[in-house]
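Q: Sharing a structure here in structure tokens format.
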Amino acid sequence: MSDKSYLDWPFFEERHRVLARELDDWASANVSHLHGRDVDSACRELVRKLGGAGWLRHAVGVQPWGHGKGIDTRAICLIRETLARHNGLADFAFAMQGLGSGAISLQGTPQQQERYLSRVASGEAIAAFALSEPDAGSDVANLQCAAHVDGDHAVLEGEKTWISNGGIADFYVVFCRTGEAPGPRGISAFIVDADTPGFEIAERIDVIAPHPLARLRFRNCRVPLSQRVGAAGEGFKVAMRTLDVFRTSVAAAALGFARRALDEALQRATTRRMFNQTLADFQLTQAKLAQMATTIDSAALLVYRAAWQRDQGRGVTKEAAMAKLSATEGAQQVIDAAVQMFGGLGVMSGQPVEQLYREIRSLRIYEGATEVQQLIIARELLKEMKA
Ligand SMILES: Cc1cc2nc3c(=O)[nH]c(=O)nc-3n(C[C@H](O)[C@H](O)[C@H](O)COP(=O)(O)OP(=O)(O)OC[C@H]3O[C@@H](n4cnc5c(N)ncnc54)[C@H](O)[C@@H]3O)c2cc1C
Numbered sequence: 000m001s002d003k004s005y006l007d008w009p010f011f012e013e014r015h016r017v018l019a020r021e022l023d024d025w026a027s028a029n030v031s032h033l034h035g036r037d038v039d040s041a042c043r044e045l046v047r048k049l050g051g052a053g054w055l056r057h058a059v060g061v062q063p064w065g066h067g068k069g070i071d072t073r074a075i076c077l078i079r080e081t082l083a084r085h086n087g088l089a090d091f092a093f094a095m096q097g098l099g100s101g102a103i104s105l106q107g108t109p110q111q112q113e114r115y116l117s118r119v120a121s122g123e124a125i126a127a128f129a130l131s132e133p134d135a136g137s138d139v140a141n142l143q144c145a146a147h148v149d150g151d152h153a154v155l156e157g158e159k160t161w162i163s164n165g166g167i168a169d170f171y172v173v174f175c176r177t178g179e180a181p182g183p184r185g186i187s188a189f190i191v192d193a194d195t196p197g198f199e200i201a202e203r204i205d206v207i208a209p210h211p212l213a214r215l216r217f218r219n220c221r222v223p224l225s226q227r228v229g230a231a232g233e234g235f236k237v238a239m240r241t242l243d244v245f246r247t248s249v250a251a252a253a254l255g256f257a258r259r260a261l262d263e264a265l266q267r268a269t270t271r272r273m274f275n276q277t278l279a280d281f282q283l284t285q286a287k288l289a290q291m292a293t294t295i296d297s298a299a300l301l302v303y304r305a306a307w308q309r310d311q312g313r314g315v316t317k318e319a320a321m322a323k324l325s326a327t328e329g330a331q332q333v334i335d336a337a338v339q340m341f342g343g344l345g346v347m348s349g350q351p352v353e354q355l356y357r358e359i360r361s362l363r364i365y366e367g368a369t370e371v372q373q374l375i376i377a378r379e380l381l382k383e384m385k386a
């Protein structure tokens with residue numbers, strides 16, 4: 000139902016317009032009805048479907064694999080926006096295949112890329128990105144999960160938490176303290192297959208918008224050094240480069256949730272009768288709808304500016320932070336307004352706006368909370384001023 004005129008914006012090339020329209024049709028037929036299932040099996044099925052239909056190839060970049068050359072940020076954003084509009088779990092399944100394999104796409108050896116990326120792209124292997132810890136979330140450079148070298152292996156000891164796809168992933172890219180230098184310069188990344196002895200799921204975590212999530216534990220977990228991604232001590236850079244690609248796409252997902260909320264609100268407001276007219280006939284409702292549409296378009300402009308700029312090979316630290324800040328905070332307001340227009344129905348379990356209300360909340364927290372984005376934007380502004 001959403002207005003697609005934004006696809007005419009100069010940020011896009013023809014292939015993006017075709018992609019967005021084809022995916023919209025595919026998603027209507029394939030993912031819209033998957034709500035209400037157990038999340039693990041729904042997620043596995045979504046990964047298989049997205050892989051089978053070829054969409055996951057965009058999450059890992061197209062062949063030939065290698066150093067993220069194939070990553071098309073605008074395509075990733077359009078896909079996340081479209082999937083989020085249809086089904087939050089489908090967006091999650093797509094995004095995690097990209098985030099979980101991003102380090103390998105960007106910095107993996109040819110052997111690592113060969114071994115993992117085609118299986119991630121086809122949906123045969125499920126990926127996860129394990130950075131956060133109980134005492135290192137926003138302050139992630141302070142992570143404590145450690146790895147020491149023993150012969151030709153790294154031995155991992157410690158915990159990770161809030162790990163999406165935890166419990167169903169086939170492999171995890173795990174960031175560990177290896178001690179080459181203090182702080183962020185002493186961290187390395189390792190690919191840990193889910194069946195590696197010494198690795199276990201310590202706890203499954205339930206959240207308000209259910210998806211596979213877990214706390215991970217590593218005890219004497221031996222991983223061949225050939226599974227290290229990037230050089231020793233370069234893991235933090237690998238993590239930040241991966242997040243740089245996907246931060247803008249979190250904003251795109253928020254945009255998709257917001258567009259769905261506006262669609263639902265328009266539908267409801269124009270059909271719900273009260274006081275001898277429809278809800279949409281009241282100017283107070285019209286003001287809400289106008290604000291929702293304006294918030295959505297402002298966020299969309301920031302999202303696709305950042306995606307376009309990254310695809311030009313330019314830095315997007317400030318632009319991606321602005322997109323994430325504006326789109327996630329804006330979507331929360333848009334969705335809340337939609338829930339209000341639905342009245343009691345807005346908080347009834349299973350209603351699309353109720354699901355959106357739960358889905359949007361964590362996007363303001365993960366991959367850099369709103370406050371962290373504010374600090375990034377200000378830091379970049381001050382740097383520009385001094386330059
Ligand atoms: C649903 C979900 C999925 C996730 N998936 C993954 C995953 O797949 N992999 C992974 O590694 N991690 C994942 N995370 C973890 C996520 O990245 C962290 O939750 C996030 O970084 C915040 O860390 P924290 O929860 O420890 O909160 P804290 O670091 O304790 O921060 C709490 C709050 O403090 C505020 N804050 C932070 N910094 C500042 C500041 N400088 N000034 C003022 N206020 C500030 C913010 O409001 C923040 O929300 C996920 C989290 C959630 C909720």
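Residue numbers (numbering that gives the first Met the number 0): 0 to 386.
From the three backbone atoms N, C-alpha and C, an ideal C-beta is built for every residue, glycine too.
Everything numeric in this text was worked out from a predicted model, so none of it was measured.
1. Run through DSSP, which three-state label would residue 92 get?
2. Exposed or buried, which one is residue 31 when buried takes at least 16 other CB atoms within 10 Å?
3. Helix, strand or coil: how does DSSP classify residue 347 here?
4. With hydrogens ignored, establish whether the beta-carbon of residue 371 is closer than 7 Å to any heavy atom of ligand 1.
5. Which residue from 154, 375, 384 puts its Cα closest to that of residue 137?
6. Going straight from the alpha carbon of residue 290 to that of residue 183, what length do you get?
7. Excluding the five sequence neighbours on either side, which residues of its own chain have a C-beta within less than 8 Å of the C-beta of residue 379, listed in chain order?
8. Around the Cβ of residue 293, are there at least 16 other Cβ atoms within 10 angstroms (buried) or fewer (exposed)?
9. Taking residue 111 and residue 200 to be in contact with their CB atoms under 8 Å, please state how far apart those CB atoms are, rounded to whole angstroms.
10. Going by beta carbon distance, what residues of the same chain come within less than 7 Å of residue 260, once the five residues before and after it are set aside?
11. Taking 6 Å as the limit between beta carbons, can you name the residues of its chain near residue 203, skipping five residues before and five after?
12. Between residue 7 and residue 41, what straight-line distance do the alpha-carbon atoms span, to the nearest angstrom?
13. Short of 8 Å in beta carbon distance, which residues of its chain neighbour residue 350, apart from the five on each side in sequence? Order them along the chain.
14. Residue 381: buried (16+ other C-beta within 10 angstroms of its C-beta) or exposed?
15. Just how far apart, CA to CA, sit residue 143 and residue 135?
16. In angstroms, rounded to a whole number, what distance separates the CA positions of residue 210 and residue 268?
A: In short, the structure shows the following:
1. Your numbering for residue 92 matches position 93 in the sequence shown. Three-state DSSP puts residue 92 in a helix.
2. For the purposes of this step, residue 31 is taken as the residue at position 32 of the sequence shown. Under this definition residue 31 is an exposed residue.
3. Here the question's residue 347 lines up with position 348 in the sequence shown. Residue state, collapsed to three classes: coil.
4. Position 372 of the sequence shown, counted from the first residue, corresponds to residue 371. Flag set: Cβ of residue 371 near ligand 1.
5. Position 138 of the sequence shown holds residue 137. It is 375.
6. By one-based count along the sequence shown, residue 290 stands at place 291. By one-based count along the sequence shown, residue 183 stands at place 184. One C-alpha to the other measures close to 42 Å.
7. Position 380 of the sequence shown, counting from 1, holds the residue named residue 379. Correct list, in chain order: 316, 317, 320.
8. Counted from its first residue, the sequence shown places residue 293 at position 294. So residue 293 ends up on the exposed side.
9. Taking the sequence shown and counting its residues from 1, one reaches residue 111 at position 112. Taking the sequence shown and counting its residues from 1, one reaches residue 200 at position 201. The Cβ separation is near 23 Å, so there is no contact.
10. Taking the first residue of the sequence shown as 1, we reach residue 260 at position 261. Cβ neighbours of residue 260 beyond the five flanking positions: 333, 334, 337, 352, 355.
11. The residue labelled residue 203 in the question sits at position 204 within the sequence shown. 166, 213.
12. For the purposes of this step, residue 7 is identified with residue 8 of the sequence shown, where counting begins at 1. For the purposes of this step, residue 41 is identified with residue 42 of the sequence shown, where counting begins at 1. One C-alpha to the other measures close to 34 Å.
13. Taking the sequence shown and counting its residues from 1, one reaches residue 350 at position 351. 341, 344.
14. What you label residue 381 is simply residue 382 of the sequence shown in a count that begins at 1. Exposed, because fewer than 16 other Cβ atoms sit within 10 Å of the Cβ of residue 381.
15. What you label residue 143 is simply residue 144 of the sequence shown in a count that begins at 1. What you label residue 135 is simply residue 136 of the sequence shown in a count that begins at 1. Cα-Cα distance, rounded: 8 Å.
16. Here residue 210 is taken as the residue at index 211 of the sequence shown, counted from 1. Here residue 268 is taken as the residue at index 269 of the sequence shown, counted from 1. Their backbone Cα atoms lie some 31 Å apart in a straight line.
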